[in-house]
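First comes the structure, then the notes that go with it.
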Amino acid sequence: MICVRFRRSGRRPDYPRLGGMIARGDLVIELGHGRTAEIQKEILWWCEAAHVPVIWTTQVPESIAKHGIGSRMEFIDAAMGVRAECVMLNKGPCILDALRSLNAVLKCMQAHQPKIISRLRLLHW
Numbered sequence: 001m002i003c004v005r006f007r008r009s010g011r012r013p014d015y016p017r018l019g020g021m022i023a024r025g026d027l028v029i030e031l032g033h034g035r036t037a038e039i040q041k042e043i044l045w046w047c048e049a050a051h052v053p054v055i056w057t058t059q060v061p062e063s064i065a066k067h068g069i070g071s072r073m074e075f076i077d078a079a080m081g082v083r084a085e086c087v088m089l090n091k092g093p094c095i096l097d098a099l100r101s102l103n104a105v106l107k108c109m110q111a112h113q114p115k116i117i118s119r120l121r122l123l124h125w
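Every letter in the sequence shown is one number past the one before it in full-length UniProt numbering, and letter 117, counting from 1, is 117.
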């Protein structure tokens with residue numbers, strides 16, 4: 001569910017109990033597969049413009065938390081989580097491994113992508 005309130009005035013809104021949550025499964029049901037990636041990005045833009053925190057909840061690393069081994073898509077989801085203020089993890093017996101993996105991916109991505117605006121950094125070969 002996304003709850004966003006915009007103001008027309010130039011001052012920064014202060015809504016401590018307002019936030020956005022991006023859950024891809026819900027978006028696919030509502031919009032279909034074709035527009036999910038586009039709408040995820042738009043939600044991030046809207047929330048950033050409104051100074052509203054976002055929780056990223058798209059199966060970030062679910063397989064690692066449950067089985068100790070992650071899939072490629074989960075790491076891509078984890079990398080996209082750098083655009084949000086919070087990344088929600090699923091529970092499981094290997095949750096510490098999932099936290100370590102998520103932390104490593106987010107630390108690496110912070111140099112490339114703070115929030116929704118991309119920037120290039122020096123590549124270390």
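Glycine included, each C-beta is placed from N, C-alpha and C at the ideal position.
Beta-carbon proximity of R53 to E85, cut-off 7 Å: Correcting the residue identity first, residue 53 is Pro in this sequence and not Arg. Yes.
Nearest-angstrom beta carbon gap, L89 and L102 [assumed within contact, 8 Å]: About 7 Å separates the beta carbon of L102 from that of L89, a gap short enough to meet the 8 Å contact definition.
8 Å contact criterion, which Q40 and I22 should meet: CB distance rounded: Approximately 6 Å separates the beta-carbon atoms of Q40 and I22; this is inside 8 Å, confirming the contact.
Proximal residues to G68 (C-beta, below 7 Å), its chain only, five neighbours per side dropped: Sequence-distant partners of G68 (beyond 5 residues in either direction) whose C-beta falls short of 7 Å from its own C-beta, in its chain, are C94, D97.
Inter-residue Cα distance where the pair is G20 and V82: When rounded, the distance between both Cα atoms is 15 Å.
C-beta atoms of G70 and I76 nearer than 7 Å: For G70 and I76, no; Cβs fall outside 7 Å.
E48 Cβ short of 6 Å to the ligand MN heavy atom set: No copy of the ligand MN appears in this structure; indeed no ligand is present at all.
Whole-angstrom distance between A37 and residue 130, CA atom to CA atom: No statement about residue 130 is possible, as the shown extent of the chain runs from 1 to 125 and does not include it.
CB of K66 within 7 Å of CB of G25, strictly: At least 7 Å separates the beta-carbon of K66 from that of G25.
Residue span of the beta strand (DSSP E) that contains G25, given as start and end: Here G25 belongs to no beta strand (DSSP E); instead the alpha helix (DSSP H) covers 24-31.
Counted within 10 angstroms of its Cβ, other Cβ atoms place M73 as buried (16 or more) or exposed: Taking all protein chains in view, the Cβ of M73 is surrounded by fewer than 16 other Cβ atoms within 10 Å, so the residue is classified as exposed.
Counterpart residues of M21 in DSSP-defined beta bridges: In the DSSP secondary-structure assignment, M21 is bridged to I55.
Distance between I29 and A111 (C-alpha atoms, nearest Å): Inter-residue distance for A111 and I29 is about 33 Å (C-alpha atoms, whole angstroms).
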